[in-house]
Every structure is written in structure tokens, then in C-alpha cells.
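Just so you know, numbering that gives the first Met the number 0 puts the end of the sequence shown at 254, numbered straight through with nothing missing.
Structure, as C-alpha cells:
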Amino acid sequence: MDLHVVIDKYLKGFTPSALFIDIDGVITLARGIYIIDLDLVNLLRELVATGIPVYIVSGNAYPVVLTLQRYLGFPPTFVAENGCIIQIDKEVVNLCNESLDPLVIKISREFNLRPSSSNIYRLCDRAFHIPNELRNNISAIRKLEKEIMNSYPEIYALYTGYVLHIYPRNCSKSTGIKIIAEKLGLDLSRAIAVGDSVTDIDMIKAVGVGVATGDADEELKKEALIVLPFKASESTKVFARTLLNYVKNLRDKEK
């Protein structure tokens with residue numbers, strides 16, 4: 000697969016309006032670990048320097064995403080907690096209408112799940128640890144997700160490869176990026192999104208070019224226009240490097 004040709008095919012010779020990018024499993028060295036690939040971060044910073052805004056879209060707690068955005072040198076606009084919290088410059092939008100803490104207690108007892116310690120930092124979305132015996136059994140995890148959502152239809156329950164998230168039905172990553180696009184005047188048909196899990200499906204479908212890492216959930220790969228080679232940040236580095244060259248070539252043609 001010639002990525003440059005594929006990117007040009009879908010962007011049709013236009014400069015992308017934005018790159019929306021997940022954190023875990025996309026800019027980390029592998030799915031399930033937390034070490035960020037600093038070589039990839041440098042490539043993403045180069046994209047920002049060329050005029051392509053890079054916006055984090057994550058299921059992580061708001062203060063985590065805020066801190067990463069600041070220290071990694073990305074624009075101060077991002078989506079946190081799977082679309083529950085959106086920050087646009089200094090404006091923070093919280094789409095939650097009520098606390099999910101009562102549901103955390105019920106779900107924990109009913110399904111024998113241990114709540115994540117990160118919940119104390121979350122403004123809306125809540126998370127649970129998946130038992131070790133289920134971690135490599137995707138079909139059992141998908142069954143668990145459905146059982147939780149059948150019992151509590153007002154929420155999503157989705158596993159990302161790190162934790163199982165619950166969040167209100169009015170929240171999603173696509174909702175978050177649509178709010179950003181409306182506020183900033185971005186054309187989402189010319190935007191790119193890169194993800195790795197089922198929580199990214201609606202996000203990659205909301206933009207012009209939806210991209211999945213090589214080891215992404217199969218459900219996400221089926222919806223992606225581009226499925227990258229390699230895994231996690233290695234996938235994303237290949238894409239970012241190719242996108243950077245594509246943008247630089249466009250700039251050269253404009254001179």
C-alpha cells in the first residue's frame with residue numbers, strides 16, 4: 000500500500016483541516032501500556048508547525064488529557080472522557096447531566112468489576128478494570144459490554160484495551176469533534192482521525208479520512224478507510240510521516 004497515493008486519493012489534493020488523534024494505543028508504544036512514543040510526538044508537532052492542527056480525542060480523564068496536551072505541545076483544544084468533556088481554547092464544555100457514581104456502585108456489584116482509581120479525576124465518564132481472565136477473550140468482553148448496556152440502556156459500556164468505560168448516550172467522540180468543528184469552522188470532510196478501539200468508530204466515521212492502527216479492534220478496521228501496517232505508535236508514525244511529506248509537497252506546489 001502506497002500511503003501517499005491513498006492519502007491523496009481521499010484528500011483529493013487538499014490540505015487536511017485537522018488531525019484528530021487518540022492517545023492510548025495510537026501514540027503509545029503498544030496497546031495496554033502507557034509509554035508515549037516521543038518520536039511520534041515530534042512528527043505531530045511538525046504537522047502543527049505546518050499548519051495542520053492536531054487535536055487529542057481520548058477516553059482519558061479530563062486533567063490527564065489537559066496535562067498531555069500542554070506538555071506534548073499540541074493545540075489547547077481536545078476531547079476527553081470519550082466526548083463527555085470538550086475543551087476549545089479556554090472554554091470547557093461538559094455534556095454530562097448527572098453523576099454516574101450511583102451506576103458505578105450498581106455495575107461493580109452486579110458484574111463484579113473493580114472501579115478504576117482514575118474515577119476520582121473524571122468529570123463524567125467512569126471506568127472499570129476488566130478481570131485478567133477476560134483480557135484476551137474479546138468475545139466475552141463484548142458479551143459483558145452488551146449485558147451492561149442491556150441493564151443500563153442510558154449509557155455506553157465499551158472496552159478500549161485498557162479499561163471498560165461507561166458514559167452517557169448523548170456523549171461520544173464524534174459529538175466532541177463536531178462541537179470543535181462548529182466552533183472553529185473546520186470542514187470535517189477534509190479532516191483525518193486515527194484510532195484503535197471501538198470507542199473510535201463514530202469518530203473515524205465523522206471525518207473525511209478515518210484511519211485505524213494495524214492492531215486496532217476488528218470492528219474499527221471494518222469502518223476505516225485506511226488500515227495501517229504495524230502496531231500502535233509504529234502505525235501512527237508511518238502515517239504521520241507520510242502525511243507530513245504530503246503536506247510539504249502541497250506547500251511546494253503552491254510556491
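Positions of the beta carbon are idealized from the N, C-alpha and C atoms, including for glycine.
Note that the structure is a prediction, hence the values are computed from the model and not measured.
Helix, strand or coil for residue i? Go by DSSP, reduced to three states.
| i | result |
| --- | --- |
| Val53 | strand |
| Leu157 | strand |
| Ile165 | strand |
| Phe19 | strand |
| Ala180 | helix |
| Arg134 | coil |
| Ile35 | strand |
| Ser173 | helix |
| Leu185 | coil |
| Lys11 | coil |
| Asn96 | coil |
Assuming the contact rule is C-beta atoms closer than 8 Å, residue i and residue j should be a hit. Round their C-beta distance to whole Å, please.
| i | j | result |
| --- | --- | --- |
| Asp201 | Lys172 | 6 Å |
| Leu112 | Ile119 | So it is not a contact: roughly 17 Å between Cβ atoms. |
| Asp216 | Val197 | 5 Å |
| Tyr9 | Leu224 | 6 Å |
| Ser232 | Asp21 | Actually they do not touch by this definition, with Cβ atoms about 11 Å apart. |
| Pro12 | Arg44 | For clarity, residue 12 is Gly in the given sequence; the question names Pro instead. About 25 Å separates the two Cβ atoms, so there is no contact after all. |
| Leu219 | Ile165 | No, Leu219 and Ile165 are not in contact; Cβ-Cβ is about 19 Å, not under 8 Å. |
| Lys236 | Leu42 | 6 Å |
| Leu67 | Ile191 | So it is not a contact: roughly 19 Å between Cβ atoms. |
| Leu185 | Ile179 | 7 Å |
For the alpha helix (DSSP H) that residue i lies in, which residues bound it at each end?
| i | result |
| --- | --- |
| Ala139 | Ile137 to Ser150 |
| Thr27 | Counting along the chain, Thr27 falls outside any alpha helix (DSSP H), and DSSP gives it neither H nor E. |
| Ile119 | Here Ile119 belongs to no alpha helix (DSSP H), and DSSP marks it neither H nor E. |
| Tyr61 | Tyr61 to Leu71 |
| Glu109 | Asp100 to Phe110 |
| Asp1 | Taken as a continuous stretch (DSSP letters only), Asp1 belongs to no alpha helix (DSSP H), as it is neither H nor E. |
Could you spell out the range, first to last residue, of the beta strand (DSSP E) harbouring residue i?
| i | result |
| --- | --- |
| Ile84 | Ile84 to Ile87 |
| Arg125 | Arg125 to His128 |
| Glu90 | Glu90 to Asn93 |
| Ala79 | Thr76 to Ala79 |
| Ile191 | Ile191 to Gly194 |
With three or more C-beta pairs closer than 8 Å as the rule, is the region 48 to 61 touching the region 73 to 92? yes
Would you call the region 89 to 108 and the region 196 to 212 touching, i.e. three or more CB-CB distances under 8 Å? no
Measuring CB atoms only, is the region 19 to 26 touching the region 144 to 151, in the sense that at least three cross pairs come out at less than 8 Å? no
Would you mind listing the alpha helix (DSSP H) stretches within the region 196 to 237 that are 4+ residues and don't spill past its ends, in chain order? 200 to 204 and 217 to 222
Given 8 Å as the limit, is there contact between the region 222 to 234 and the region 244 to 251, that is, 3 or more CB pairs closer than that? no
If we count Cβ pairs, one from each stretch, closer than 8 Å, do we get three or more for the region 156 to 176 versus the region 186 to 204? yes
Is the region 93 to 100 in contact with the region 121 to 129, if contact means three or more CB pairs nearer than 8 Å? yes
Check whether the region 0 to 7 touches the region 238 to 247, counting contact only when three or more Cβ pairs, one atom from each stretch, lie closer than 8 Å. yes
Evaluate contact between the region 137 to 144 and the region 154 to 162, counting only Cβ atoms and requiring at least three cross-stretch pairs below 8 Å. yes
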